[in-house]
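Asks: Quick note: the sequence shown uses the numbering used here, first residue 13, plus one each step. Where a beta carbon is used, it is the ideal one built from N, C-alpha and C, also for glycine. Bear in mind that the values here come from a model prediction, so they are computed numbers and not experimental data.
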Amino acid sequence: MKKNLDLVFLWHMHQPDYRDYASGDFVLPWVYLHAIKDYTDMAYHLERHPKVRVVLNFVPILLDQLEDYTDQFATGNIRDPLLRLLVHKNSCELSQEDRQLALDACFRSSHTKMIAPYPAYKRLWDLFVLLQTDGQTALSYLSGQYIADLLVWYHLAWCGESVRRENELVARLMTKAEGFSADERRQLFDLIGELTSDIIPRYRKLAESGQIEISATPHYHPLAPLLIDFASAKEAMPDAPLPKAPHYPKGRLRVTRHIQLAKNSHKARFGSEPKGMWPAEGSISVETLEVMAEEGCGWVASGEGVLVNSLRRSQMNVPERGQYLYRPYRLEKRGDGLQCFFRDDKLSDLIGFEYSRWHGRDAATHFMDQLDTIARHAPEGETPVVSVILDGENAWEYYPYNGFYFLDELYAQLEAHPKINTSTYGDYIKLSPLRTDSARLVSLPTIAAGSWVYGNFSTWIGSEDKNRAWDLLCAAKQSYDMVMSSGRLSVAEQEAADKQLCSCESSDWFWWFGDYNPANSVASFDRLYRHNLTELYRLLKLPAPLSLSDPVSRGCLGETEVDGAMRRATE
């Protein structure tokens with residue numbers, strides 16, 4: 013490789029708000045499970061390779077929940093049902109409801125990578141499958157020890173590879189394989205607490221060292237362009253049907269609210285406001301960029317498809333991708349001071365979907381070869397800035413050993429390479445004016461509204477179920493505005509209602525609605541979305557509409573490529 017290349021990894025860490033604000037309980041366990049597996053492993057790889065620099069994007073609502081779990085472990089007031097089962101003193105005394113929760117939850121993993129590799133765990137699965145065919149009566153014969161062992165193995169399988177390699181307790185429990193005691197379950201519970209509570213301090217330390225830049229997303233992960241204007245979906249999907257509601261009431265103000273909450277969250281946790289943001293789903297529009305620039309955001313990033321659509325909308329030439337993709341962009345007349353970077357969909361999807369089937373070293377070497385090709389074909393006199401942006405959580409469960417060998421080999425090769433400079437967007441913007449070989453900053457007359465998925469908003473709007481979900485939210489927002497302006501709620505009641513509305517505005521609900529997602533996952537998110545809207549009406553002291561009793565979406569009963577939490581950038 014003769015030419016230089018700037019490489020920015022942005023690992024996006026996000027889980028929607030799984031809390032039932034009325035009871036305080038967590039409805040789903042994904043925050044702490046990803047904490048002990050993916051957030052822990054990703055920090056470990058960076059600590060192991062200190063010369064590799066990356067951007068870590070933490071959505072504030074995820075950090076809120078991590079701190080909630082930290083408080084639970086510190087006080088002993090456990091509000092996650094699965095964790096309560098793990099430390100129940102006598103698993104033989106569990107209620108039928110609790111036993112069913114364990115059976116429903118503890119096989120919800122990648123069977124090929126997280127169950128089959130462990131003979132003891134697989135035996136638990138095989139026995140469950142055998143008895144399940146005879147119905148609930150047969151399952152009732154499963155002993156309390158079976159449930160205890162199942163709970164332990166579920167959490168062992170979710171431990172990160174770095175934890176399995178370096179923690180004596182995990183190694184000992186995996187070796188023992190069965191017959192786990194209440195004391196051993198308590199020790200595992202305590203370890204989960206230690207790992208989860210250490211996530212934010214661990215990444216804060218990496219940021220203070222200068223190795224990583226921590227960026228943010230508007231607080232509750234709203235799909236900002238659609239909150240501002242449903243019609244923005246037509247820019248990339250001119251024939252898409254839209255919700256019956258003409259627009260989301262006062263949507264631009266709500267986007268500003270989420271950005272301001274994120275800035276406050278970031279400053280409280282990391283000492284300063286974020287330099288830049290990954291908008292939820294990489295979704296941008298001209299109006300969204302205006303709001304982000306007004307709030308002092310220095311950079312944003314989006315998908316390759318958005319850039320292509322924007323070049324065409326601007327009546328600009330769309331040459332071979334290597335001639336336009338690896339540069340920063342800005343709007344000519346709006347979004348003052350804001351630079352936009354665009355994701356290399358091919359490289360990002362190789363990590364997200366393809367390399368999990370490769371040998372780790374082969375995959376890392378192939379990735380490096382792709383970078384070499386990009387550098388060789390870069391415009392003369394420019395050092396390309398390559399953006400690799402993807403989910404930092406969900407891909408790894410499809411890799412052997414949680415992606416350990418791939419990430420370790422990739423980071424090692426990057427550290428040793430003399431021509432590849434791993435950087436962060438904040439530092440790139442700061443240092444590029446001082447260089448003579450930086451990629452050219454290009455001005456765009458306009459931006460075509462879209463997201464990193466397909467370059468449009470089809471994942472969140474345009475189908476019958478997604479549009480219905482938006483109409484339910486719009487109706488709730490109209491009621492919210494009416495009640496908030498009436499003065500009938502106290503300050504504390506208004507704050508509770510605002511927090512509940514923020515959760516309802518998350519893009520995640522609309523992501524899951526659709527017949528291409530697994531039915532069991534769709535059902536979980538469907539129930540939680542309708543529950544959150546019902547709770548909002550309760551906080552507003554209004555009766556919830558009967559329509560919230562009916563499911564919004566049912567999902568797919570057949571096979572899907574992944575569990576629904578990930579999606580390719582192109583169809």
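Would LEU554 and SER491 be called neighbours here (beta carbons separated by less than 8 Å)?
Replies: yes
Asks: Tell me which residues share the same chain as LYS188 and place their Cβ nearer than 7 Å to its Cβ, disregarding the 5 neighbours each side in the sequence.
Replies: none
Asks: Across which residues does DSSP place GLY288 in a beta bridge pair?
Replies: TRP311, per the DSSP bridge assignment.
Asks: State the DSSP-derived secondary structure class of VAL564, mapped to helix, strand or coil.
Replies: coil
Asks: To the nearest angstrom, how far is the alpha carbon of SER155 from that of GLU178?
Replies: 32 Å
Asks: Express the C-alpha separation of VAL298 and ARG480 in angstroms, rounding to a whole number.
Replies: Cα to Cα, the separation comes out at about 26 Å.
Asks: Which residue wins for smallest C-alpha separation from LEU98, given the options GLN425, ARG197, TYR133 and ARG333?
Replies: ARG197
Asks: Measure the C-alpha to C-alpha separation of VAL574 and ILE363 and round it to an integer number of angstroms.
Replies: A caution first: VAL574 carries a pLDDT of 48, below 50, which makes its placement in the model unreliable, though a value can still be read off. For VAL574 and ILE363, the distance between alpha carbons rounds to 14 Å.
Asks: Just grab the DSSP bridge partners of LEU19 for me.
Replies: VAL398 and THR434
Asks: What are the start and end residues of the alpha helix (DSSP H) that includes GLU476?
Replies: In the DSSP annotation of this structure, the continuous segment of the alpha helix (DSSP H) that includes GLU476 starts and ends at 476-498.
Asks: Could you compute how far the alpha carbon of GLY172 sits from the alpha carbon of GLY263?
Replies: 40 Å
Asks: Can you give me the Cβ contacts of GLU302 inside the same chain, cut-off strictly under 7 Å, excluding the 5 residues immediately before and after it?
Replies: ARG346 and GLY347
Asks: Rounded C-beta distance between LEU113 and PRO93? I'm assuming under 8 Å.
Replies: 6 Å
Asks: Taking all protein chains shown into account, decide if GLN272 is buried (16 or more other Cβ within 10 angstroms of its Cβ) or exposed.
Replies: exposed
Asks: So what's SER450 in DSSP terms, helix, strand or just coil?
Replies: strand
Asks: Would you kindly check if the distance between the Cβ of PRO396 and the Cβ of TYR338 is under 8 Å?
Replies: In this structure, the beta-carbon distance from TYR338 to PRO396 falls below 8 Å.
Asks: If you follow the beta strand (DSSP E) that VAL67 is part of, which residue opens it and which one closes it?
Replies: 66-70
Asks: Beta-carbon within less than 8 Å of ARG60's beta-carbon, same chain only, minus the 5 sequence neighbours each way: which residues are those?
Replies: ASP420 and TYR423
Asks: For VAL574, which of helix, strand or coil comes out of DSSP?
Replies: Since pLDDT at VAL574 reaches only 48, below the 50 mark, its modelled position is unreliable, and no value is offered.
Asks: If we count Cβ pairs, one from each stretch, closer than 8 Å, do we get three or more for the stretch 226-245 versus the stretch 273-291?
Replies: yes
Asks: For SER475, tell me which candidate among TYR336, THR458, TYR158 and VAL564 has the shortest Cα-Cα distance.
Replies: VAL564
Asks: Less than 8 Å separating the beta-carbons of VAL318 and PHE354?
Replies: yes
Asks: Hey, out of THR82, HIS259, TRP408 and GLY393, whose CA is closest to THR448's CA?
Replies: GLY393
Asks: In angstroms, rounded to a whole number, what distance separates the CA positions of ASP357 and GLU220?
Replies: Roughly 30 Å separates the two Cα atoms.
Asks: Use the C-beta contact count for ASN89: other C-beta atoms within 10 angstroms, 16 or more gives buried, fewer gives exposed.
Replies: exposed
Asks: In this structure, how does DSSP classify MET13 when only helix, strand and coil are distinguished?
Replies: Here DSSP, grouped into helix, strand and coil, assigns MET13 to coil.
Asks: Skipping 5 residues on each side, what residues in its chain have a beta carbon closer than 8 Å to that of SER559?
Replies: LEU484
Asks: Less than 7 Å between the CB of ARG120 and some heavy atom of the ligand COA, yes or no?
Replies: Absence of the ligand COA is noted for the structure shown, with no ligands found whatsoever.
Asks: Is it true that the CB of THR434 sits closer than 8 Å to the CB of LEU426?
Replies: yes
Asks: Excluding the five sequence neighbours on either side, which residues of its own chain have a C-beta within less than 6 Å of the C-beta of ALA166, listed in chain order?
Replies: It should be pointed out that residue 166 corresponds to Tyr in this sequence rather than to Ala. Only CYS118 meet the Cβ criterion.
Asks: Which residues bound the alpha helix (DSSP H) around ASP240?
Replies: Just to set this straight, residue 240 is Ile in the shown sequence, not Asp. It spans 236-240 - the alpha helix (DSSP H) in which ILE240 sits, taken as one unbroken run.
Asks: Under three-state DSSP, which class holds ASP92?
Replies: When DSSP states are grouped into helix, strand and coil, ASP92 belongs to the coil group.
Asks: Return the CA-CA distance between ASP32 and GLN84, expressed in angstroms with no decimal places.
Replies: 15 Å
Asks: Given a threshold of 16 other Cβ atoms within 10 Å of its Cβ, counted over all protein chains shown, does TYR153 qualify as buried or as exposed?
Replies: So TYR153 counts as exposed.
Asks: In the DSSP assignment, what are the bridge partners of ASP210?
Replies: According to DSSP, which records beta bridges pairwise, ASP210 is partnered with nothing at all.
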